[in-house]
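Q: This is the structure I want to talk about, given as structure tokens.
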Amino acid sequence: MRSRLLVSLVMVIVLFIGSAVYAAVGTPTAQTRLDILNSIVHPVKFHWRYKTGDTPGAESPTFNDSSWKSRDDDWFDWGEDGFCWIRTSIKIPAMVGGMSISGSRITFKCGIDDDGIIYVNGKEAQKFHWDQGSVVLAQSAKPGETFSIAIKGINTMASGRLMFAELEFSNLSSVMGEVNTFLTAYDRAKGLCNAAGKVKSTPYVEIMTQAAEQVDTDALLAGNKDAFITSLKKSEDNIKRVDELLKDVTVYMVAHAHIDMNWLWEWPETISIFKHDFATMTNFMEQYPGFIFSQSQAQAYLSTQENAPETFAKMKEMAKRGQWDPSTATCWVEGDLNMPSGEAIARSILYAKRYIMSEFGIEPTVCWEPDTFGHAWTIPQILVKSGVKYYYFMRQGPGQPLFWWQAPDGSKVLAYNFYEYWGRVSENQTAERALEFASKTGVPAYMHIYGVGDHGGGPSKQMIDTIIDLEHKDNYANVKFSKASDYFESALKLKQDYPVVNAELNPIFQGCYTSHADVKRWNRECENILAPAETFAAIATNCKFAYPTRDFVNSWRKTCFNQFHDLMDGTAIHSSYVYSGKLHDEVMAQAKQTIDASLSALDKQIKTIGKGVPVVVFNRLSWPRTDTVSVASPFSGGSEYAKVVDDAGKSYPAQIINGKLYFTARNVPATGYRVFWVSQVNAPVTAAIRADGTMLENQFFRIQINPTSGAISSIYDKLNQREVLAPGGSASLLQILTEGPEGGNAWNFTQIQKTEDINKAAGVTLLDKGPARASITAEYTYDKSKFQQEITLWDGVPRIDIHLKADWQEQWDHNPTPILKVAFQTAVKNGRAFFEIPFGSIERPANGAEVVAQKWIDLSGSNYGVSLLNDCKYGFDINNNVMRATLLRCSNRPDRILDKGMNEMTYSIYPHKGDWKSAGTVRKGYELNEPLIARVETPHTGSLSSSRSYISISQPNLVVTAFKQAEDDNSLILRFYETEGKACNATVTVNMPAKAVVETDMLERPIGKPLQLRNKTFNTAVGKYEIKTYKLIR
119 MRSRLLVSLV
129 MVIVLFIGSA
139 VYAAVGTPTA
149 QTRLDILNSI
159 VHPVKFHWRY
169 KTGDTPGAES
179 PTFNDSSWKS
189 RDDDWFDWGE
199 DGFCWIRTSI
209 KIPAMVGGMS
219 ISGSRITFKC
229 GIDDDGIIYV
239 NGKEAQKFHW
249 DQGSVVLAQS
259 AKPGETFSIA
269 IKGINTMASG
279 RLMFAELEFS
289 NLSSVMGEVN
299 TFLTAYDRAK
309 GLCNAAGKVK
319 STPYVEIMTQ
329 AAEQVDTDAL
339 LAGNKDAFIT
349 SLKKSEDNIK
359 RVDELLKDVT
369 VYMVAHAHID
379 MNWLWEWPET
389 ISIFKHDFAT
399 MTNFMEQYPG
409 FIFSQSQAQA
419 YLSTQENAPE
429 TFAKMKEMAK
439 RGQWDPSTAT
449 CWVEGDLNMP
459 SGEAIARSIL
469 YAKRYIMSEF
479 GIEPTVCWEP
489 DTFGHAWTIP
499 QILVKSGVKY
509 YYFMRQGPGQ
519 PLFWWQAPDG
529 SKVLAYNFYE
539 YWGRVSENQT
549 AERALEFASK
559 TGVPAYMHIY
569 GVGDHGGGPS
579 KQMIDTIIDL
589 EHKDNYANVK
599 FSKASDYFES
609 ALKLKQDYPV
619 VNAELNPIFQ
629 GCYTSHADVK
639 RWNRECENIL
649 APAETFAAIA
659 TNCKFAYPTR
669 DFVNSWRKTC
679 FNQFHDLMDG
689 TAIHSSYVYS
699 GKLHDEVMAQ
709 AKQTIDASLS
719 ALDKQIKTIG
729 KGVPVVVFNR
739 LSWPRTDTVS
749 VASPFSGGSE
759 YAKVVDDAGK
769 SYPAQIINGK
779 LYFTARNVPA
789 TGYRVFWVSQ
799 VNAPVTAAIR
809 ADGTMLENQF
819 FRIQINPTSG
829 AISSIYDKLN
839 QREVLAPGGS
849 ASLLQILTEG
859 PEGGNAWNFT
869 QIQKTEDINK
879 AAGVTLLDKG
889 PARASITAEY
899 TYDKSKFQQE
909 ITLWDGVPRI
919 DIHLKADWQE
929 QWDHNPTPIL
939 KVAFQTAVKN
949 GRAFFEIPFG
959 SIERPANGAE
969 VVAQKWIDLS
979 GSNYGVSLLN
989 DCKYGFDINN
999 NVMRATLLRC
1009 SNRPDRILDK
1019 GMNEMTYSIY
1029 PHKGDWKSAG
1039 TVRKGYELNE
1049 PLIARVETPH
1059 TGSLSSSRSY
1069 ISISQPNLVV
1079 TAFKQAEDDN
1089 SLILRFYETE
1099 GKACNATVTV
1109 NMPAKAVVET
1119 DMLERPIGKP
1129 LQLRNKTFNT
1139 AVGKYEIKTY
1149 KLIR
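Residues are numbered in the working numbering as their position in the sequence shown, beginning at 1, plus a constant of 118.
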């Protein structure tokens, strides 16, 4: 605690304390005595005026700052501007607390985040960093003397702030130490009473009152300092009786170093942090045998193993001694938990746990997510089914420090959420928080997380020494070094009936759902390609294909790395994404190579002889589907029209456009393939596609494009005979929302000043007119940016695809900055809004709030609705009948060009009868994100028929997210989840060699008894919203 001689920041108020005070009040009350003491340590208050920006001449005493903002706070942020001038005037009082100030040395001190320059009476007095501002104003003070103080604050990297400002008077030093000590003890005792909820409890009120009344302020005014100081010490002894509040409380001290993967630095620096911090911690363990350190993030362990093997060996040694605690290394990194798919989150835990268990022989049980920006409702089930019991986090808690967090299926984990994750070790603060925690939870056991974080650091030697001192301190809580897992276990021994929170823990930092569109697209691309790569590699093992287990492990690790919260959320510096882009490229290359090799192995076994060029179409998803196909045309030159024939002899239209063959593949089997044969024709095959000027039509919809705005002005649902859009409404309407006045940072939007429609197209062009597809493009400009939307209808596909190319040239330049959204003004009335989350969905109010979702959002009324699908977006809002996706934005920090450049994305409109459940919206989201894979083949015989399904599930509310080879043997792993909240009995068909099937957890460990596999099928009960994993033993 800073010396109580230090002065708070605010306007000049001189407090004269003397005999006149007593004349007015008579015998001083307890509060009067405290006021006298506080007047000694706070003799002057400052009134500040400030203005952001570099203002010339602001150091001059005569500068007119009357129009500037004013503050009377002890400290304040000035915002994102790199400079701020802060000014005040100080008038020296004659007396303080009855003691003369005349002749005193006066020192002004202050702190600025990050740097500052102090000017006194117009002259530069000191340049300083952080809390080192210190200038002697006068060696011998004269009452009434005035000083003009101006501080130029500098912070070009983040939000700047004035941290403190203080005056020191040397004449007060003879009593200042004792007064400070007493007030510190008094404030500490008062803080303990407050924290314990005892501030109005009779015994403690009496203790505090008696302590104040014992202070002999009469002796001070009479000049008898010795008697005054003696009274302070006696009073302190009385105050110590409050310490009995701590006698039954235990404080579990859990050390940790929060290390951000590539936040404001690049990967080589992150590695150096691992090496430095972990070497330091193991050295501390040698020095302090009782010291325990908990470290999360398996990636940190692997990088240390690769780059500092001696340190890693020491970490393993200390783990055997019980000092290094890997129980918090449950996930590959401390990732975002809203935007990654459920399967990706499951893999983060799978590969983290397998690695830690193989190296340390310890299974992590605490999911450690202190800095994660929000928490999806479904996370508890993923944790429970991965052998994780506990959850620790800091952001966006429910107001309960310790609670059961429950997922929609009923799974629960014990969750802890209390104060920051980078705590210091302070005797008073720790005691107060322990009592506050006990008061709120009824549990006299508090976990205190300590250690410097973000750029690593961990606990310091001073922190460890302080804890050891507290361990041996009389009349204090029971303090102990602890593992995180030990705390949770002790909490459960003390109590079981904690409050239940059955909800998501969102939102926070809504700008993160959009910032850095590139990493969002990379994430979705990796997730979308790894699923089919694993699936077809597993199937191809029947054709003697060698399943590349190690390659998949590495690719998932890279994908999970890029899901680290600051990276995935777009809040890192620009250069950090160079490394993320490299990882993405490596994952894509491995997955594409595996898909090509595995499908080549399958292709060779498929009978492809027929009339025309064979095209084998593969479907990863676990239901038969009819969807679009594009593949390099097998024809050079000739007609632009083609005909596709399936293995039942039915023919369908195809188109050749710019060397690519397009058609709709009908009824491709679940997790399987179908062969189609293509031949060129001179005239288009009859189809339902029509296009004319600004109109598109297929079997399902007739669409009208506004020739002026380029937006969709009408969508007529032919099957349900209704208009999808509101009267006068539009779809695919691009909008610019302006943030201001300083723009938003990567984390947050600022207040939206205005919204304007981009409703004047530079050109609207009919691009394709069938017979397989028809499309219209609309081009726009805004400021320096250019946009092209291509609106497409496909033969036989009940959705409207819109592909946007955006050359985004907007960036923050100290002015209000734009956000790009796309709006869909539907005719849905009184609709309910639903949003996809990992392994599930959630209903939220249709109130216009920016929220996070994955592949789809939906707005449905009593009997009709509209789903909005996407292939790489995560930020959305629904306000009454209007659905919007947030596409691109700007940021003033830490990356001012975060979305600048070429961006591409697809969003699709899926109007439907009924609600999203009956309409199969979940499946439609998967279909957009995982296109059918088409391969041109040569005609040949084969042992496999022209159409085949390998895995299928009869129930439409079940979706397979993984079909892969097991990590430890050649068994196959199948995972699916229930999407609609409907318990059911599932019938799973496995058209693969398998001797038995057994349910497993997400770590692929068997649970329960094996199920019977009859006629290549097995049946199992599935609970509502439940995730199921099975091992097919070959």
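Even for Gly, the Cβ is constructed at its ideal location relative to N, Cα and C.
Remember, predicted model here, so these are calculated numbers, not experimental data.
1. Kindly list the residues whose CB is nearer than 7 Å to the CB of residue 181, restricted to its own chain and excluding five residues on each side of it in sequence; keep chain order.
2. According to DSSP, what are the bridge partners of residue 733?
3. Only counting the same chain, and skipping five residues up and downstream in sequence, which positions put a Cβ closer than 6 Å to that of residue 759?
4. Between the alpha carbons of residue 345 and residue 271, how many angstroms are there, rounded?
5. So residue 507 and residue 1120 are supposed to be a Cβ contact under 8 Å. How far apart are they, rounded?
6. For residue 143, collect the residues of the same chain with a Cβ closer than 7 Å to its Cβ; drop the 5 residues on either side in sequence, then sort them by chain order.
7. Does the distance from the C-beta atom of residue 914 to that of residue 949 stay below 8 Å?
8. Have a look at residue 559 and residue 275 and give me their C-alpha separation to the nearest angstrom.
9. Residue ranges of each beta strand (DSSP E) run of no fewer than 3 residues wholly in the segment 463-535, ordered along the chain?
10. Am I right that residue 454 and residue 687 are in contact with their C-beta atoms under 8 Å? What's the rounded C-beta distance?
11. Would you grab the beta carbon distance between residue 943 and residue 999 for me? Rounded to a whole angstrom, and I think it's under 8 Å.
12. With DSSP run on the structure shown, which of helix, strand or coil describes residue 988?
13. At what residues does the beta strand (DSSP E) containing residue 207 begin and finish?
14. Determine contact between the segment 516-529 and the segment 475-492, defined as no fewer than three beta-carbon pairs at a distance below 8 Å.
15. Does the beta-carbon of residue 247 have 16 or more other beta-carbons within 10 angstroms, so that it is buried, or is it exposed?
16. Within this structure, are the beta carbons of residue 158 and residue 297 separated by less than 8 Å?
17. Does DSSP put residue 593 in a helix, in a strand, or in coil?
18. List, from N- to C-terminal side, the alpha helix (DSSP H) runs of 4 residues or more that fit wholly inside the segment 554-640.
19. Going by the DSSP bridge assignment, what does residue 170 pair with across the sheet?
20. Confirm, please, whether the CB-CB distance from residue 208 to residue 267 is below 8 Å.
21. Taking just the CA atoms, how far does residue 179 sit from residue 269?
22. When you compare the CB positions of residue 1057 and residue 724, do they come within less than 8 Å of one another, or not?
23. Buried or exposed: which applies to residue 609, given that a residue is buried once 16 or more other Cβ atoms fall within 10 Å of its Cβ?
24. Who does residue 835 pair with in a DSSP beta bridge?
25. Helix, strand or coil for residue 902, going by three-state DSSP, please let me know.
26. Helix, strand or coil: which one does DSSP assign to residue 162?
27. Could you tell me if residue 581 is buried or exposed, where buried requires 16 or more neighbouring beta carbons within 10 angstroms of its beta carbon?
28. If you count every other CB in all the chains shown that lies within 10 Å of the CB of residue 891, and 16 or more means buried, which is it?
29. Applying the criterion that 16 or more other CB atoms from any shown protein chain within 10 Å of the CB defines a buried residue, is residue 590 buried or exposed?
30. Rounded to a whole number of angstroms, what is the C-alpha to C-alpha distance between residue 907 and residue 494?
31. Whole-angstrom Cβ separation of residue 985 and residue 920, contact assumed at under 8 Å?
32. Do you know whose CA, among 416, 277, 744, lies nearest residue 472's CA?
33. Using CA coordinates, which residue listed in 773, 818, 593 is at the minimum distance from residue 1029?
34. Does the separation of the CB atoms of residue 1135 and residue 1116 fall below 8 Å?
35. Would you call the CB atoms of residue 958 and residue 1143 closer than 8 Å?
36. At 4 residues or longer, what runs of the alpha helix (DSSP H) sit wholly inside the segment 1010-1046?
A: On the basis of the coordinates in this document:
1. Numbered from its first residue, the sequence shown carries residue 181 at position 63. So the list reads 175, once near-sequence residues are dropped.
2. Reading the sequence shown from its first residue, position 615 is the one you call residue 733. Within the DSSP secondary-structure output, residue 733 pairs in a beta bridge with 794, 1054.
3. By one-based count along the sequence shown, residue 759 stands at place 641. 799, 802.
4. On the sequence shown, residue 345 is found 227 positions in, with the first residue counted as 1. On the sequence shown, residue 271 is found 153 positions in, with the first residue counted as 1. C-alpha of residue 345 to C-alpha of residue 271: approximately 45 Å in a straight line.
5. Walking along the sequence shown from the start, residue 507 turns up at place 389. Walking along the sequence shown from the start, residue 1120 turns up at place 1002. Not really, about 14 Å apart at Cβ, beyond 8 Å.
6. On the sequence shown, position 25 is the one that residue 143 refers to. The pLDDT assigned to residue 143 is 40, lower than 50, so where the model puts this residue is not dependable, and the model offers no usable value.
7. As a working note, residue 914 is residue 796 in the sequence shown. As a working note, residue 949 is residue 831 in the sequence shown. Cβ atoms of residue 914 and residue 949: not closer than 8 Å.
8. Your numbering for residue 559 matches position 441 in the sequence shown. Your numbering for residue 275 matches position 157 in the sequence shown. Their backbone Cα atoms lie some 40 Å apart in a straight line.
9. Listed in chain order, the complete beta strand (DSSP E) runs (minimum 3 residues) inside the segment 463-535 are 484-487, 508-511, 520-524, 530-534.
10. Numbered from its first residue, the sequence shown carries residue 454 at position 336. Numbered from its first residue, the sequence shown carries residue 687 at position 569. In this structure, residue 454 and residue 687 form a Cβ contact; the two beta carbons are roughly 6 Å apart against a cut-off of 8 Å.
11. Here residue 943 is taken as the residue at index 825 of the sequence shown, counted from 1. Here residue 999 is taken as the residue at index 881 of the sequence shown, counted from 1. Their Cβ separation, rounded to whole angstroms, is 7 Å, which keeps residue 943 and residue 999 in contact under 8 Å.
12. Translated into positions along the sequence shown, residue 988 becomes position 870. The answer is strand: DSSP assigns residue 988 an E or B state.
13. As a position in the sequence shown, residue 207 is number 89, starting the count at 1. It spans 201-209 - the beta strand (DSSP E) in which residue 207 sits, taken as one unbroken run.
14. Segments in contact, no.
15. Here residue 247 refers to the residue found at position 129 of the sequence shown. Label assigned to residue 247: exposed.
16. For this step, residue 158 is matched to residue 40 along the sequence shown. For this step, residue 297 is matched to residue 179 along the sequence shown. Yes. Within cutoff.
17. Within the sequence shown, residue 593 is the residue found at index 475, counting from 1. In the structure shown, residue 593 falls within a coil segment according to DSSP collapsed to helix, strand and coil.
18. The DSSP assignment places complete alpha helix (DSSP H) segments of no fewer than 4 residues inside the segment 554-640 at 579-589, 602-612, in order along the chain.
19. Within the sequence shown, the letter at position 52 stands for residue 170. Looking at the DSSP assignment, residue 170 forms a beta bridge with 202.
20. As a position in the sequence shown, residue 267 is number 149, starting the count at 1. As a position in the sequence shown, residue 208 is number 90, starting the count at 1. A contact, by the Cβ cut-off of 8 Å.
21. Along the sequence shown, one-based indexing puts residue 269 at 151. Along the sequence shown, one-based indexing puts residue 179 at 61. If you take the alpha carbons of residue 269 and residue 179, they lie about 12 Å apart.
22. Translated into the one-based positions of the sequence shown, residue 1057 becomes position 939. Translated into the one-based positions of the sequence shown, residue 724 becomes position 606. In this structure, residue 724 does not lie closer than 8 Å to residue 1057 by Cβ.
23. Working through the sequence shown from its first residue, we reach residue 609 at position 491. Result: buried.
24. The sequence position of residue 835 within the sequence shown is 717, counting from 1. Residue 835 is bridged to 819, 840.
25. The residue given as residue 902 occupies position 784 in the sequence shown. When secondary structure is reduced to three states using DSSP, residue 902 falls in the coil class, being assigned neither helix nor strand.
26. Start at 1 with the first residue of the sequence shown, and residue 162 comes out as number 44. Of the three classes helix, strand and coil, the one that applies to residue 162 here is coil, per DSSP.
27. Indexing the sequence shown from 1 puts residue 581 at position 463. With a 10 Å radius around the Cβ and a threshold of 16 neighbouring Cβ atoms, residue 581 comes out buried.
28. Within the sequence shown, numbered from 1, the residue matching residue 891 stands at position 773. It counts as buried.
29. Position 472 of the sequence shown, counted from the first residue, corresponds to residue 590. By the neighbour-count criterion, in which a residue is buried when 16 or more other Cβ atoms sit within 10 angstroms of its Cβ, residue 590 is exposed.
30. Mapped onto the sequence shown, residue 907 falls at position 789. Mapped onto the sequence shown, residue 494 falls at position 376. Residue 907 and residue 494 have their alpha carbons spaced roughly 32 Å apart.
31. Position 867 of the sequence shown, counting from 1, holds the residue named residue 985. Position 802 of the sequence shown, counting from 1, holds the residue named residue 920. The C-beta distance from residue 985 to residue 920 rounds to 13 Å, too long to meet the 8 Å contact threshold.
32. Residue 472 sits at position 354 when you count from the first residue of the sequence shown. Checked all of 416, 277, 744; the closest Cα to residue 472 is 416.
33. Mapped onto the sequence shown, residue 1029 falls at position 911. Nearest of 773, 818, 593 to residue 1029, Cα basis: 818.
34. Here residue 1135 refers to the residue found at position 1017 of the sequence shown. Here residue 1116 refers to the residue found at position 998 of the sequence shown. Going by C-beta atoms, residue 1135 is not nearer than 8 Å to residue 1116.
35. Here residue 958 corresponds to residue number 840 of the sequence shown, with the count starting at 1. Here residue 1143 corresponds to residue number 1025 of the sequence shown, with the count starting at 1. Taking 8 Å as the Cβ cut-off, residue 958 and residue 1143 qualify as a contacting pair.
36. Counting whole runs of 4 or more residues, the segment 1010-1046 contains the alpha helix (DSSP H) stretches 1034-1037.
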